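Colleague: Numbering (the working numbering), first residue to last: 436 to 503. Backbone N, C-alpha and C fix where the C-beta goes; we use that ideal spot for every residue, glycine too. Quick caveat, the model's predicted, so the values are computed rather than measured. Below is one structure. I have some questions about it.
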């Protein structure tokens with residue numbers, strides 16, 4: 436699996452993931468479970484690979500050395 440998420444993109448995804456997961460603790464309504472969506476940006480940031488970016492042909496990271 437080739438990386439397609441760059442460093443700045445990873446930082447933004449981690450911050451968004453933490454904020455979304457924080458909704459679970461801040462909101463009192465059943466809507467707080469929407470915060471579980473924060474798992475997705477966290478996982479893509481940790482893996483360095485986004486399946487949606489692959490489908491769209493987007494790369495936010497530089498090419499790895501020796502691969503092109």
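Quick test of your reading: residue 495 and residue 440, contact by CB under 8 Å. State the CB separation rounded to the nearest angstrom.
Modeller: Contact flag correct, Cβ pair sits at about 6 Å.
Colleague: Who are the Cβ neighbours of residue 487 in its own chain at under 7 Å, not counting the five residues just before and after it?
Modeller: Counting only Cβ-Cβ distances below 7 Å, and skipping sequence neighbours, we find nothing.
Colleague: Which first and last residues belong to the alpha helix (DSSP H) in which residue 466 is found?
Modeller: Here residue 466 belongs to no alpha helix (DSSP H), and DSSP marks it neither H nor E.
Colleague: Is DSSP giving residue 489 helix, strand or coil here?
Modeller: Three-state result, residue 489: helix.
Colleague: Just reading off the alpha helix (DSSP H) that residue 479 is part of, what are its end residues?
Modeller: Per DSSP, residue 479 belongs to the alpha helix (DSSP H) from 474-482.
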